[in-house]
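Q: Residue numbers (this note's numbering), protein chains in the order written: chain Y, 247 to 478; chain B, 268 to 739. Every residue, glycine too, gets a C-beta built ideally from N, C-alpha and C. Let me begin by handing over the structure; questions about it come next.
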Amino acid sequence: MSTLLHFENVSYSYKQESKLQPILSNVTAEFKRGTFYTCVGPSGSGKTTFLSLASALDSPTSGQILFEGNDIKKIGLSTFRNRHVSIVFQSYNLLPYMTALQNVITAMEITKSTNKNNKAFALEMLQKVGISEEQSRQRVLTLSGGQQQRVSIARALSCQSELILADEPTGNLDEDTASGIVDLFRELAHKENKCVIVVTHDQGLAQVSDTVISLSKGGLVFKEMRKLEKFV
Amino acid sequence: MKMNFMKRAFWSVKARKGKSILLLFVLTVISVLVLSGLTIQTAADQSSILAREKLGGEVSLTVDREKLISGQQNEESGGRARFQPFPIPFDSAEELTDSSYVKGYNYYSSTSALAKNFTAVGSEETAEGTEQEGFGGGGRMMAGDVSVEGILFSDSTSSFLNGDASIVEGRHLTEEDINKEVTLIEKNLAAENDLKVGDSITIANTENTESTLEIVGIYESTADMDERAQNFAFLNPYNQLFVPYTVANELKGTSETIDRAVYYMKDPADIQTFISNAESSSSIDFDQFKLDANDQLYQQMMGPIENVASFSNNVVFLVAIAGAIILALIVMMTIRERKYEMGVLLAIGEKKGKLVSQFLVEILIVAVLAMGISTLSGNLVANKMGEQLLQQEITQSEETANTPASFNSRRMPFQSSNVQDVETVNELSIHTTGEDLLKLFGIGLMVVLLSTLIPSLTVLRLNPKAILTKQD
């Protein structure tokens with residue numbers, strides 16, 4: 247399986263009371279196509295920072311992040327987000343004045359989705375995550391938290407990016423729906439050869455992933471379900 | 268080209284009904300006021316052209332007495348100012364005749380003269396002139412028997428143009444008569460002295476320089492008799508001789524100068540352009556001379572309308588600026604409120620330029636609606652506004668006009684009043700024209716562009732992670 251995303255000596259720190267507080271230090275790691283990763287770790291360990299860097303919402307203090315061998319800074323952070331990555335945010339981040347369907351279509355139109363303007367495809371994605379046609383025509387604010395989470399997932403899926411990043415995507419879902427979503431992520435990785443990275447506290451979800459990445463004290467520990475590798 | 272931002276703009280306007288209606292209200296008020304101002308201005312411009320047409324579209328090159336008197340007062344600080352006449356160099360007057368706006372022109376050089384071999388109408392003495400009390404504080408002076416109006420073309424003098432005089436025998440004087448000793452005399456003068464076309468008369472100046480003039484035409488005057496004509500024969504319209512201006516100059520002892528030049532415009536609407544061009548590109552000294560387009564009469568007719576036009580001009584200007592500021596504030600507040608939305612869109616990969624375009628389209632959608640409403644209602648509002656403003660101005664100008672003459676400064680004897688009985692234009696034909704609407708759309712577009720683009724510049728500094736983190 248080929249490498250899609252490569253962290254090369256990536257460090258990240260933020261300023262706190264005029265002191266630099268390191269979050270990640272010299273991380274080198276590879277993420278491959280066709281693999282479903284889960285990222286676990288205690289609060290404050292840098293999971294969200296890791297996701298922000300991987301999704302080009304932020305830039306590393308030092309080091310490089312390569313996508314298919316190209317520095318994402320050279321690709322352009324906005325272009326990278328637009329063309330190569332889909333994000334499922336913990337707080338959904340849906341556009342409140344739009345319906346569920348409009349949210350999905352908007353994302354498809356902004357990104358290079360091959361199905362852009364395809365309302366039927368958007369509806370199909372919404373139905374895949376358990377949103378009915380009637381619900382898809384409702385304003386997102388009238389939907390429950392779980393339903394909004396599913397719309398957020400459908401939005402990410404509809405963009406058909408090679409890299410899918412999700413921050414606690416099953417946190418607000420009931421067990422059955424969560425299980426369905428996890429199956430969907432696995433399917434995307436294994437059948438559609440995508441690289442899926444999910445940040446979670448859910449040990450059950452971590453158990454069914456191909457590789458668990460453990461974050462602690464500025465480092466990443468990759469734990470393959472049968473083999474442990476350390477990249478620090 | 269992806270136009271998804273337009274779709275988003277439409278969804279946003281539809282979903283945010285309250286804010287859209289508020290914006291529509293603000294934009295409609297701005298549009299209606301701007302359109303009313305523009306419509307009133309257009310109506311005032313049209314009235315101005317009509318007034319100019321009514322006044323004949325003529326521009327006079329004359330001595331600027333006010334400037335000269337104030338200049339001389341400054342020079343003789345403390346002393347009593349005396350007005351020194353300044354003749355206009357012939358070359359200066361000639362310069363403006365080439366203008367493409369001019370269809371005709373005339374030159375004037377006036378003086379008075381003594382009748383040598385004929386009797387002026389109403390004059391008791393002949394040949395020697397009349398020694399009468401003149402102006403200047405009770406002194407004695409020699410006044411002429413006849414007034415000599417030196418001209419280039421007699422048919423375009425004001426007396427013939429306004430119907431106060433008409434040829435009854437012979438012909439008019441033309442530029443071909445320049446340097447010839449010819450004249451036009453009045454019918455009564457001719458009758459009293461038994462003169463006819465082909466006869467000659469002799470006139471002289473105070474230094475007894477004589478001119479013998481052949482009568483080439485006789486005209487009839489219907490001009491009102493000046494009361495002072497009883498004392499001064501030369502003020503009697505029957506005693507007015509039209510001669511080539513060269514003859515008048517000879518009597519005055521001057522050459523290559525005139526007192527006044529009058530230019531007739533092809534189109535009265537071009538008067539201001541003609542004056543501006545002359546002031547900027549001719550060699551005429553406008554510290555001494557001025558181009559006067561019957562301004563006093565024009566002001567009398569158009570004063571109230573000009574004030575209304577000026578007011579409406581200010582309204583357009585102020586409303587456009589105030590509107591742009593109000594809109595900019597609304598857009599600024601909207602951007603602040605919608606940072607989260609922008610963060611989401613940027614996180615998905617939307618370009619910042621398209622976010623700005625979305626805001627612009629949102630405002631434009633509302634602006635187009637507002638302009639539509641103002642197009643329908645602008646005419647009515649402009650009519651009401653225009654009428655009310657004009658009536659106020661007319662009432663004010665009537666109050667000023669009712670001021671007794673004794674309240675005004677004293678006028679010198681013989682100083683003629685140019686203020687004639689012209690009626691103040693008290694109606695404006697207010698109709699919204701296509702040009703007004705185009706101007707409204709132009710101003711509207713400028714206001715929308717400025718008020719949206721300037722506050723939207725903050726969007727360019729936005730970082731999606733920072734926005735979304737703060738939102739969380």
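Use the C-beta contact count for leucine 724/B: other C-beta atoms within 10 angstroms, 16 or more gives buried, fewer gives exposed.
A: Position 457 of the second sequence, counting from 1, holds the residue named residue 724/B. Exposed, since its Cβ has fewer than 16 Cβ neighbours within 10 Å.
Q: From what residue to what residue does the beta strand (DSSP E) around lysine 261/Y run?
A: As a first step, residue 261/Y is located in the first sequence; it is residue number 15 there, counting from the start. That run of the beta strand (DSSP E) goes 249-262.
Q: At 9 angstroms on the CB atoms, spell out the chain Y contacts of alanine 614/B, in chain order.
A: One-based indexing of the second sequence puts residue 614/B at position 347. Simply Ser301, Leu303, Arg327, Ile333, Phe335 and Asn339.
Q: So, helix, strand or coil for glutamate 629/B, using DSSP?
A: Indexing the second sequence from 1 puts residue 629/B at position 362. Glutamate 629/B: helix per DSSP, three-state reduction.
Q: Specify the secondary structure class of tyrosine 338/Y as computed by DSSP and reduced to three states.
A: What you label residue 338/Y is simply residue 92 of the first sequence in a count that begins at 1. Tyrosine 338/Y falls in the coil class under three-state DSSP.
Q: With a 10 Å radius around its C-beta and 16 neighbouring C-beta atoms as the bar for buried, classify glutamine 625/B as buried or exposed.
A: As a first step, residue 625/B must be located in the second sequence, where it is residue number 358. It is buried - the Cβ of glutamine 625/B has at least 16 other Cβ atoms within 10 Å.
Q: Return helix, strand or coil for arginine 283/B, following the three-state DSSP convention.
A: Taking the first residue of the second sequence as position 1, residue 283/B is located at position 16. It is coil, neither helix nor strand.
Q: Okay, do the stretch 300-316 of chain Y and the stretch 346-355 of chain Y touch, 3+ Cβ pairs below 8 angstroms being the bar?
A: No: the two stretches stay apart, fewer than three of their Cβ pairs being nearer than 8 angstroms.
Q: Just curious, the alpha helix (DSSP H) that asparagine 544/B is in, first and last residue?
A: The residue given as residue 544/B occupies position 277 in the second sequence. Counting along the chain, the alpha helix (DSSP H) containing asparagine 544/B begins and ends at 538-548.
Q: Rounded to a whole number of angstroms, what is the C-alpha to C-alpha distance between valine 633/B and isoleucine 640/B?
A: Working through the second sequence from its first residue, we reach residue 633/B at position 366. Working through the second sequence from its first residue, we reach residue 640/B at position 373. Computed Cα separation, rounded: 11 angstroms.
Q: With the cut-off set at 9 angstroms, would you say leucine 303/Y and proline 722/B are in Cβ contact?
A: Here residue 303/Y refers to the residue found at position 57 of the first sequence. Here residue 722/B refers to the residue found at position 455 of the second sequence. The answer is no: Cβ separation not under 9 angstroms.
Q: Under three-state DSSP, which class holds lysine 278/Y?
A: In the first sequence, counting from the first residue as 1, residue 278/Y sits at position 32. In this structure, lysine 278/Y counts as strand in the three-state DSSP scheme.
Q: What's the gap between the Cα of leucine 585/B and the Cα of glutamate 654/B?
A: As a working note, residue 585/B is residue 318 in the second sequence. As a working note, residue 654/B is residue 387 in the second sequence. When rounded, the distance between both Cα atoms is 21 angstroms.
Q: Does the distance from the CB of phenylalanine 253/Y to the CB of leucine 299/Y come in under 9 angstroms?
A: Numbered from its first residue, the first sequence carries residue 253/Y at position 7. Numbered from its first residue, the first sequence carries residue 299/Y at position 53. Yes. Within cutoff.
Q: Taking the alpha helix (DSSP H) that glutamate 481/B belongs to, which residues open and close that run?
A: Translated into positions along the second sequence, residue 481/B becomes position 214. Per DSSP, glutamate 481/B belongs to no alpha helix (DSSP H); it is in the beta strand (DSSP E), 477-488.
Q: Determine the chain Y residues that contact alanine 282/B at a beta-carbon separation under 8 angstroms, and present them in chain order.
A: Taking the first residue of the second sequence as 1, we reach residue 282/B at position 15. Near alanine 282/B (Cβ distances below 8 angstroms), the residues of chain Y are Tyr343, Met344 and Arg385.
Q: Put glutamate 442/B into one of helix, strand or coil per three-state DSSP.
A: Here residue 442/B refers to the residue found at position 175 when the second sequence is read from its first residue. If DSSP states are grouped into helix, strand and coil, glutamate 442/B belongs with the helices.
Q: With distance defined between alpha-carbon atoms, name the residue in Ile288/B, Ala457/B and Gln539/B nearest to glutamate 481/B.
A: For the purposes of this step, residue 481/B is taken as residue 214 along the second sequence, with counting starting at 1. Per the Cα distances, Ala457/B.
Q: Look at the Cβ atom of alanine 637/B, then the Cβ atom of serine 298/B, and state whether they are nearer than 9 angstroms.
A: Mapped onto the second sequence, residue 637/B falls at position 370. Mapped onto the second sequence, residue 298/B falls at position 31. Cβ atoms of alanine 637/B and serine 298/B: closer than 9 angstroms.
Q: Can you have a look at glutamate 604/B and say buried or exposed, based on whether 16 or more other CB atoms are within 10 angstroms of its CB?
A: Numbered from 1 along the second sequence, position 337 holds the residue referred to as residue 604/B. Burial call: exposed.
Q: Could you check whether alanine 432/B and valine 413/B sit closer than 9 angstroms to each other, using their CB atoms as the reference points?
A: As a position in the second sequence, residue 413/B is number 146, starting the count at 1. As a position in the second sequence, residue 432/B is number 165, starting the count at 1. Taking 9 angstroms as the Cβ cut-off, valine 413/B and alanine 432/B do not qualify as a contacting pair.
Q: Does any CB atom of chain Y fall closer than 9 angstroms to the CB of lysine 618/B?
A: The residue given as residue 618/B occupies position 351 in the second sequence. Chain Y, which has a Cβ nearer than 9 angstroms to the Cβ of lysine 618/B, makes this yes.
Q: Is the stretch 531-551 of chain B touching the stretch 434-444 of chain B in the sense that three or more CB pairs, one from each, lie closer than 8 angstroms?
A: Cβ pair count under 8 angstroms is below three, so no.
Q: How big is the Cα-Cα spacing for phenylalanine 326/Y and leucine 251/Y?
A: Residue mapping note: residue 326/Y aligns to position 80 of the first sequence, counting from 1. Residue mapping note: residue 251/Y aligns to position 5 of the first sequence, counting from 1. If I take the Cα positions, the gap works out to 12 angstroms.
Q: Phenylalanine 277/B and valine 714/B: beta carbons closer than 9 angstroms?
A: Sequence index remark: in the second sequence, residue 277/B carries index 10 (1-based). Sequence index remark: in the second sequence, residue 714/B carries index 447 (1-based). Contact: no.
Q: Does the stretch 543-557 of chain B come within contact of the stretch 277-287 of chain B, defined as at least 3 CB pairs closer than 8 angstroms?
A: No: fewer than three Cβ pairs fall under 8 angstroms.
Q: Going by DSSP, what residue range makes up the alpha helix (DSSP H) through lysine 365/Y?
A: Working through the first sequence from its first residue, we reach residue 365/Y at position 119. Note, lysine 365/Y: alpha helix (DSSP H), 365-374.
Q: Note down, in chain order, all residues in the stretch 720-736 of chain B with a beta-carbon under 7 angstroms from any beta-carbon belonging to chain Y.
A: Cβ contacts with chain Y: Pro731, Lys732 and Leu735.
Q: Hey, out of Lys621/B, Leu707/B and Thr736/B, whose CA is closest to valine 726/B's CA?
A: Here residue 726/B refers to the residue found at position 459 of the second sequence. Checking every option, the nearest Cα to that of valine 726/B belongs to Lys621/B.
Q: Rounded to the nearest angstrom, what separates proline 511/B and glycine 371/B at their Cα positions?
A: Walking along the second sequence from the start, residue 511/B turns up at place 244. Walking along the second sequence from the start, residue 371/B turns up at place 104. Cα to Cα, the separation comes out at about 17 angstroms.
Q: Taking only the alpha-carbon atoms, compute the straight-line gap between glutamate 475/Y and lysine 293/Y and give it to the nearest angstrom.
A: In the first sequence, residue 475/Y corresponds to position 229, counting from 1. In the first sequence, residue 293/Y corresponds to position 47, counting from 1. Confidence in glutamate 475/Y is poor, its pLDDT being 40 and thus under 50, which makes the residue's placement unreliable; the coordinate value appears in the next sentence. Going by the C-alpha atoms only, they are around 18 angstroms apart.
Q: Is the CB-CB distance between glutamine 310/Y and alanine 346/Y below 9 angstroms?
A: Here residue 310/Y refers to the residue found at position 64 when the first sequence is read from its first residue. Here residue 346/Y refers to the residue found at position 100 when the first sequence is read from its first residue. It is not a contact, given that the beta carbons lie outside the stated cut-off.
Q: Who does glutamate 265/Y pair with in a DSSP beta bridge?
A: Stepping through the first sequence from its first residue, residue 265/Y is reached at position 19. The question names glutamate, yet the displayed sequence has lysine at residue 265/Y. According to DSSP, lysine 265/Y bridges with Gln262/Y.
Q: Report the CB separation of lysine 706/B from leucine 305/B in whole angstroms; it is logged as a contact under 8 angstroms.
A: As a first step, residue 706/B is located in the second sequence; it is residue number 439 there, counting from the start. As a first step, residue 305/B is located in the second sequence; it is residue number 38 there, counting from the start. That pair is a contact at about 5 angstroms.
Q: Using only the alpha-carbon positions, how far apart do threonine 397/B and asparagine 544/B sit?
A: Walking along the second sequence from the start, residue 397/B turns up at place 130. Walking along the second sequence from the start, residue 544/B turns up at place 277. The predicted position of threonine 397/B is uncertain, since its pLDDT is 47 and thus under 50; no value can be drawn from it.
Q: Taking contact to mean 3 or more Cβ pairs, one atom from each stretch, closer than 8 angstroms, check whether the stretch 252-270 of chain Y and the stretch 427-436 of chain Y are in contact.
A: Touching, no.
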